[in-house]
Structure formats: C-alpha cells, structure tokens
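Asker: This structure is in structure tokens; I'll ask about it shortly.
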Amino acid sequence: MRTFGLQGLALGAVLGFAAGVAAAWWHYSPRLKVAEQRAEHLVDLVREQNRAVEALKTATDNRIAAARAAAERARGEAEAHRKAADRILSQRLPVGLDACAASCMLIDAEVRP
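Letter 46 of the sequence shown, counting from 1, is numbered 46 in the UniProt record's numbering, and no numbers are missing.
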C-alpha cells in the first residue's frame, strides 16, 4: 500500500503541475497574443522609421551633390567673369577719356559685340 501511496502522490503532483501549466496557458495566452501583436506593430514602426531615415539620407545626399555641382558652376562662372574682367582691364583705353566713360565703353563693347 505504501508504494501505491507514493505513486498516487507522484501522479497527483504531475497532474497538478500539468493543470497549473494548462491554467497558466489559458490565463496568459490572450495576453501573450496581444504582446506579440504589439511587438510586431513596433517592429513595423521601426522598419517604417528606418525607411524614412534612409529616404532622408538619400534626399540629403542628393541635395549635397546638387549644392556641390552648383558651387562648381559658380566657381566656373566666377573664373569666366574674372578672365573677362582681366581682358577688359588689359585693353588700351582711348586717350582723353575719364575712367567712368572708358569703363562704360568697355562694358558696352563686351555686352554688345
């Protein structure tokens, strides 16, 4: 009889443990599903934010490239204007003209060839 008592006690413990696990699963299962849905939603939000950050980086890189190209064009134009100014200033001026009249004459010659 004694062996049967220990076996019954062991069987009761196993069944009690199984019942506890089943009760816990029944109790926490809906909460776990909600938590999983929230986690998936947060993962989706993080992915969306990462895409937005990448789009901002791409847009910023494009703007930086456009600004560099504009700066290069401005440097080229400034160099062309400097060369034109050097060419105008290196020309011989007619005698007897004041500086303003000579400048206007040279500018007119450059603007209206």
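Ideal Cβ positions, reconstructed from N, Cα and C, are used throughout, including at glycine.
(1) To the nearest angstrom, how far is the alpha carbon of leucine 11 from that of alanine 23?
(2) Taking the straight line between their C-alpha atoms, what separation do you get for alanine 85 and threonine 60?
(3) Taking the alpha-carbon positions, what's the glycine 5 to valine 21 distance?
(4) Report all residues from its chain with a CB closer than 6 Å to the CB of isoleucine 107; omit the five preceding and five following residues, and keep chain order.
(5) Secondary structure at methionine 1, three-state DSSP: helix, strand or coil?
(6) By the three-class DSSP mapping on this structure, what secondary structure does valine 43 have?
Answerer: Working from what's here:
(1) Taking the sequence shown and counting its residues from 1, one reaches residue 11 at position 11. Taking the sequence shown and counting its residues from 1, one reaches residue 23 at position 23. Cα-Cα distance, rounded: 18 Å.
(2) Working through the sequence shown from its first residue, we reach residue 85 at position 85. Working through the sequence shown from its first residue, we reach residue 60 at position 60. When rounded, the distance between both Cα atoms is 37 Å.
(3) As a position in the sequence shown, residue 5 is number 5, starting the count at 1. As a position in the sequence shown, residue 21 is number 21, starting the count at 1. Near 24 Å, if we compare the C-alpha coordinates of valine 21 and glycine 5.
(4) Walking along the sequence shown from the start, residue 107 turns up at place 107. Nothing listed; no residue qualifies.
(5) The sequence position of residue 1 within the sequence shown is 1, counting from 1. Unreliable positioning characterises methionine 1 in this predicted model, as indicated by a pLDDT of 46, which lies under 50. The coordinate reading is nonetheless provided below. Coil, per DSSP.
(6) Locating residue 43 in the sequence shown gives position 43, where the first residue counts as 1. Helix, per DSSP.
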